[in-house]
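Peer 1: In the numbering used here, the protein residues as written are 452 to 768.
Ideal Cβ positions, reconstructed from N, Cα and C, are used throughout, including at glycine.
Structure in C-alpha cells, see below.
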Amino acid sequence: MTDLATAQFPDRARRKTPEAILSTLSSLEVHPRSRRGRIVAAVVALFVMVACGWDVATNERFGWTVVAQYLFAPEIIAGAKLTVLLTVVAMLAGTVLGVALAVMRLSENPVLSLLSRGYIWFFRGTPLLIQLIFWYNIAALYPVIALGVPFGGPSIALGSANVLVTPLGAALLGLALNEAAYMAEIIRGGISSVDPGQLDAGKAIGMKGGLLMRRVILPQAMRVVLPPTGNQVISMLKGTSLVSVLAISDLLYSAQIIYSVNYQTIPLLIVACLWYLLMTTVLSFFQGKIERRYGRGFTPRKPRTTKNVAVSEGMDA
C-alpha cells in the first residue's frame with residue numbers, strides 16, 4: 452500500500468516529517484560570530500586611555516601637589532557653596548516663571564500667547580553673558596527704581612538701582628530670566644505630550660483649569676519634562692561660571708583670585724574642574740533616580756530570550 456501511494460504521489464516521498472526536520476536542525480553545526488575586531492578595538496582604546504592617563508599623572512607641569520593643596524581650601528569651598536546657591540535659586544525661579552510662560556503660550560488668549568512668544572524669542576536669542584552684563588549696568592538706564600502709574604503718573608521711588616541691584620542680584624536676575632525661557636519650552640512640550648482625552652475627561656467631571664493642570668496634566672507631563680530639566684540643572688551649574696565677570700566669588704572666580712596671586716593657573720583650573728565634575732556627577736545620579744520613579748509603567752519590558760521561551764514552553768507542556 453505504501454509503495455502504491457508513493458508511486459501515485461511521488462511528491463510525498465520528498466516531504467519530510469516534523470521529526471526528520473527537527474533532527475536535521477539539531478545536527479547543524481553552530482559557529483559563534485567572530486569578535487576579533489571588537490577585541491582589537493577594545494585593546495587599542497584601553498591602551499590609548501592608559502597611555503593618556505599615565506602621561507597626565509606623570510607630567511609635573513600639571514602641578515598635582517598644588518591641586519591637592521588647594522582642593523579643599525576655604526576660598527574654594529566658599530565658592531562652591533555660592534555656585535550651588537546660585538544654581539538652586541535661579542532654577543527654582545526660572546522653573547516657576549517657565550510654568551507661567553508655558554501656560555500663557557498654550558493659552559487661547561492671543562495677547563498672552565504673543566507675550567510669551569516674545570519673551571522666549573528675546574531671552575533665547577541673546578547670549579547669557581550679555582544679559583548678565585546688562586543687569587549689572589541697569590543703573591545706567593534707570594538710576595532710580597520706582598513704582599507708579601505709567602505715562603507720567605505719580606510714582607514712589609524705591610531706591611537707587613546701584614543699591615537695590617547688587618552684583619549678586621544682577622546674577623540671579625540674569626540666570627533666572629534666561630532659564631525661564633528654556634524651561635517654558637520644555638514644560639510646553641511636556642504639556643503637549645499629554646493625551647487630549649485626559650483634558651476632556653477632567654472637564655467632564657467638573658475640574659476647573661487650575662485644578663485640572665495641577666492634578667491631571669502636570670503629573671503626566673513630568674515624565675517628559677524631567678530629563679531635559681535635569682540637563683538644564685547641570686547646564687545652569689556650569690553656566691554660573693559666567694557670573695565671574697561680575698566679580699562674584701563663585702567657584703571659578705575664587706580660583707581666579709588664587710592663581711592671580713601665585714600664578715598657578717593650570718592647577719587652580721583643575722581644582723575648579725574637579726569640583727564641577729563632582730557636583731554634576733551628584734546631580735546626574737539624582738536625575739536618574741527621579742526619572743526612574745516617574746517613568747514607572749512606561750519603560751518597555753525586555754524581550755524574552757529564546758532560552759526563556761523554551762523553558763516556559765517546557766513547563767507548560
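Under 8 angstroms, with one C-beta from each stretch per pair, do the segment 541 to 554 and the segment 628 to 638 reach the 3-pair mark?
Peer 2: yes
Peer 1: Would you be able to state if there are at least three C-beta pairs under 8 angstroms between the segment 577 to 587 and the segment 539 to 548?
Peer 2: no
Peer 1: Rounding to the nearest angstrom, what Cα-Cα distance links residue 521 and residue 689 in this structure?
Peer 2: The residue given as residue 521 occupies position 70 in the sequence shown. The residue given as residue 689 occupies position 238 in the sequence shown. Cα-Cα distance, rounded: 20 angstroms.
Peer 1: Any chance the segment 688 to 703 sits against the segment 490 to 502, with 3 or more Cβ pairs inside 8 angstroms?
Peer 2: At 8 angstroms Cβ cutoff, the stretches do not touch.
Peer 1: Drop a sphere of 10 angstroms on the beta-carbon of residue 644, count the other beta-carbons inside from all chains shown, and report buried for 16 or more, exposed for fewer.
Peer 2: What you label residue 644 is simply residue 193 of the sequence shown in a count that begins at 1. The residue in question, residue 644, is exposed, as its Cβ has fewer than 16 Cβ neighbours within 10 Å.
Peer 1: Pick out whichever of 529, 651 and 485 has its Cα sitting closest to the Cα of residue 723.
Peer 2: Counting from 1 along the sequence shown, the entry for residue 723 is found at position 272. Nearest C-alpha to residue 723: 529.
Peer 1: What number of angstroms, rounded off, separates the C-alpha of residue 567 from the C-alpha of residue 483?
Peer 2: For the purposes of this step, residue 567 is taken as the residue at position 116 of the sequence shown. For the purposes of this step, residue 483 is taken as the residue at position 32 of the sequence shown. Roughly 59 angstroms separates the two Cα atoms.
Peer 1: At what residue ranges does the segment 495 to 583 contain a whole run of the alpha helix (DSSP H), taking only runs of 4 or more?
Peer 2: 515 to 521, 525 to 557 and 561 to 576
Peer 1: With a threshold of 8 angstroms on Cβ separation, who are the neighbours of residue 574 within its own chain once the five nearest residues in sequence on each side are excluded?
Peer 2: One-based indexing of the sequence shown puts residue 574 at position 123. Answer for residue 574: 582, 628, 629, 631 and 632, listed in chain order.
Peer 1: For residue 726, is the classification buried or exposed, using 16 other Cβ atoms within 10 angstroms of its Cβ as the cut-off for buried?
Peer 2: Within the sequence shown, numbered from 1, the residue matching residue 726 stands at position 275. That one is buried.
Peer 1: Just to confirm before moving on: does the CB-CB distance between residue 527 and residue 702 stay below 8 angstroms?
Peer 2: Looking up residue 527 in the sequence shown gives position 76. Looking up residue 702 in the sequence shown gives position 251. Result yes, Cβ atoms of residue 527 and residue 702 sit closer than 8 angstroms.
Peer 1: So which of 488, 650, 691 and 641 has the shortest CA-CA distance to residue 674?
Peer 2: Position 223 of the sequence shown, counted from the start, is the residue given in the question as residue 674. Considering only alpha carbons, the answer is 641.
Peer 1: Contact check, residue 518 vs residue 721 under 8 angstroms by CB: the rounded distance?
Peer 2: Within the sequence shown, residue 518 is the residue found at index 67, counting from 1. Within the sequence shown, residue 721 is the residue found at index 270, counting from 1. Confirmed, Cβ separation roughly 5 angstroms.
Peer 1: For residue 613, which residues in the same chain have their Cβ closer than 7 angstroms to its Cβ, ignoring the five residues on either side in sequence?
Peer 2: The residue given as residue 613 occupies position 162 in the sequence shown. Closer than 7 angstroms at the Cβ level, and outside the excluded window around residue 613, lie 590.
Peer 1: Roughly how far, in whole angstroms, is the beta-carbon of residue 513 from the beta-carbon of residue 717, given that I think they are within contact range, below 8 angstroms?
Peer 2: Stepping through the sequence shown from its first residue, residue 513 is reached at position 62. Stepping through the sequence shown from its first residue, residue 717 is reached at position 266. Right, their Cβ atoms sit about 6 angstroms apart.
Peer 1: Determine, using beta carbons only, whether residue 537 and residue 621 come nearer to each other than 8 angstroms.
Peer 2: Within the sequence shown, numbered from 1, the residue matching residue 537 stands at position 86. Within the sequence shown, numbered from 1, the residue matching residue 621 stands at position 170. Result no, Cβ atoms of residue 537 and residue 621 do not sit closer than 8 angstroms.
Peer 1: Can you find the residues in the same chain that come closer than 8 angstroms, C-beta to C-beta, to residue 515, ignoring five residues on each side of it along the sequence?
Peer 2: On the sequence shown, position 64 is the one that residue 515 refers to. Contacts found: 508 and 718.
Peer 1: To the nearest angstrom, how far is the alpha carbon of residue 495 from that of residue 732?
Peer 2: Locating residue 495 in the sequence shown gives position 44, where the first residue counts as 1. Locating residue 732 in the sequence shown gives position 281, where the first residue counts as 1. Within the model, the alpha-carbon separation for residue 495 versus residue 732 is close to 27 angstroms.
Peer 1: If the criterion is Cβ atoms closer than 8 angstroms, does the pair residue 625 and residue 579 meet it?
Peer 2: As a working mapping, residue 625 is identified with position 174 in the sequence shown. As a working mapping, residue 579 is identified with position 128 in the sequence shown. Contact: yes.
Peer 1: I'd like to check one pair, residue 663 with residue 648: are the Cβ atoms closer than 8 angstroms?
Peer 2: For this step, residue 648 is matched to residue 197 along the sequence shown. For this step, residue 663 is matched to residue 212 along the sequence shown. No, Cβ-Cβ distance for residue 648 and residue 663 is not below 8 angstroms.
Peer 1: Need the endpoints of the alpha helix (DSSP H) that residue 691 sits in, please.
Peer 2: By 1-based counting over the sequence shown, the position of residue 691 is 240. Note, residue 691: premise wrong, no alpha helix (DSSP H); not H, not E.
Peer 1: Check residue 656 in the structure and name its three-state DSSP category.
Peer 2: The residue given as residue 656 occupies position 205 in the sequence shown. Three-state result, residue 656: coil.
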